[in-house]
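Counted from 1, the sequence shown has number 67 at position 59 by my numbering; the numbering is strictly sequential. Presented below is the structure to which this report refers.
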Amino acid sequence: MSFRASPIRAFSRMASRLLHEPHPVGRYPTTMAAHRPNPGFYASKLWRTASWYVPLATGILGWPIAAAYVLKRTGI
9 MSFRASPIRA FSRMASRLLH EPHPVGRYPT TMAAHRPNPG FYASKLWRTA SWYVPLATGI
69 LGWPIAAAYV LKRTGI
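In structure tokens form, the structure reads like this:
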């Protein structure tokens with residue numbers, strides 16, 4: 009008895025093979041040791057990013073509280 013795949017089964021097999029990557033992308037080097045991370049570099053990037061995101065998030069998420077305070081204070 010021969011087995012013939014239905015078009016749906018053939019398509020799903022083809023789609024799963026397209027999504028599967030035949031080789032690893034992130035491999036550890038075998039010829040040299042990995043570099044040590046530089047904490048100062050990442051700390052400066054974190055500080056630079058936080059100096060924008062924290063005030064921006066405070067303004068976006070905190071304006072209703074500030075508006076309620078002003079409206080309550082002025083009696084409107």
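Beta carbons: idealized from backbone N, C-alpha and C, even for Gly.
Per-residue DSSP class, three states only, for residue i
i          : result
residue 73 : helix
residue 57 : helix
residue 81 : helix
Terminal residues of the alpha helix (DSSP H) in which residue i lies
i          : result
residue 20 : 15 to 27
Same chain, Cβ closer than 8 Å to residue i, neighbours up to 5 away in sequence not counted
i          : result
residue 55 : none
Cutoff 6 Å; reference residue i; Cβ partners in own chain excluding five residues on either side
i          : result
residue 78 : none
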